[in-house]
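Using my numbering, the first residue of the sequence shown is number 7, and each one after it goes up by one. C-beta: ideal position from N, C-alpha, C; glycine also. Since this is a predicted model, take the numbers as computed values, not measurements. Here's the structure, in structure tokens; my notes come after.
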Amino acid sequence: MKGIGTDEDAILMVLSARSNDQRQQIKAAYKKAYGKDLVSALKSELGGLFENLIVALMTPPVLYDATLLHKAVKGAGTDDQVLIEILASRTGDQIKDISKVYKKEFGGKLEKDISSDTGGSYGRLLVILLQVCALPLQDLYAAGEGKFGTDEEKFITILGNRSSEHLQKVFDAYKKISGSDIEDSIKGETTGNLEDLLLAVVKCARNVPGFFAESLYNSMRRAGTDDDTLMRIMVSRSEVDMLDIRANFKKINSSFVSNVSE
């Protein structure tokens with residue numbers, strides 16, 4: 007970053023080839039050697055989407071999620087896509103860590119901020135996901151006794167349970183009793199943000215990499231590219247399950263090409 011111009015290729019090669027932990031060590035070493043914050047220095051030299059990408063790569067994962075959630079609920083409007091993606095896909099331990107960092111960095115409670123910015127069954131399910139609840143197995147089975155629409159509140163509580171193993175069992179029980187997949191019932195009886203959140207929870211319970219592969223595919227298949235979604239997923243999952251996401255993406259793309267050719 008010194009001299010005439012900025013060597014963006016060098017910045018990209020160095021930072022993208024390291025883990026987030028290594029990038030934090032580089033940041034600390036830069037501060038010690040030059041007395042300046044590396045992220046601030048990068049911001050002063052870069053711009054646009056590339057700047058956003060580099061700053062995201064330099065942010066610790068939990069802080070990155072907390073910052074995304076804060077941006078999603080503060081200011082004009084609500085970024086429901088970000089709320090749904092993060093709260094449906096993160097583990098219980100990750101949610102706890104995110105909530106702690108959120109309070110430390112932004113001075114408020116994540117649950118309260120989301121509650122004040124959302125409402126209805128959609129808002130209640132978001133709060134349930136934040137609470138990292140775990141229902142007894144018998145309660146999960148009991149919910150399969152009726153159609154989804156019979157007791158929406160019960161199903162919202164059940165789908166807020168973060169045990170994928172338990173949810174898989176209730177999905178199987180639901181199909182056996184109702185004769186249909188729970189996804190079909192959700193699509194038939196809900197709309198809008200609630201439908202999107204419920205489907206995200208079910209997809210993540212079945213296959214988290216598959217959920218992100220589908221999101222990546224959708225971010226690039228229409229006219230133009232959803233750069234925010236593309237960047238958010240690539241950064242947040244790069245050290246988690248990107249190889250599995252890539253394999254799932256390949257299956258989705260192959261299926262689409264096959265359907266088009268037919």
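- Within a 10 Å sphere around the beta-carbon of L222 sit 16 or more other beta-carbons, which makes this residue buried.
- Taking S170 as the centre and dropping the five residues before and after it, the same chain places the C-beta of A211 closer than 7 Å to its C-beta, in chain order.
- Of the residues E57, I32, V133 and D123, the one whose Cα lies closest to the Cα of G98 is V133.
- Boundaries of the alpha helix (DSSP H) harbouring N26: N26 to Y40, taken from the DSSP string.
- Approximately 6 Å separates the beta-carbon atoms of T196 and L204; this is inside 8 Å, confirming the contact.
- Membership of E245 in any alpha helix (DSSP H) is not indicated, and neither H nor E is assigned to it by DSSP.
- Look at the beta carbons and you see the segment 213 to 227 not touching the segment 74 to 81: under three pairs across the two are nearer than 8 Å.
- In terms of CA proximity to P215, R96 leads the group R96, A39 and D86.
- Segment contact: the segment 225 to 235 against the segment 115 to 123, fewer than three CB-CB distances shorter than 8 Å; contact not assigned.
- The shortest C-alpha to C-alpha distance from I162 to any of Y70, D247 and S127 is the one to S127.
- A contact is defined here as three or more CB-CB pairs under 8 Å, and the segment 100 to 117 meets this definition with respect to the segment 60 to 70.
- Put simply, the backbone Cα of V45 is about 33 Å away from that of R228.
- Counted as a single uninterrupted DSSP element, the alpha helix (DSSP H) harbouring T73 occupies residues P67 to V79.
- The residues I188, in chain order, have a CB closer than 6 Å to that of F177 in the same chain once the five nearest residues on each side in sequence are set aside.
- The beta carbon of V138 lies closer than 7 Å to those of G98, I101, K102 and R168 in the same chain, with the five residues before and after it left out.
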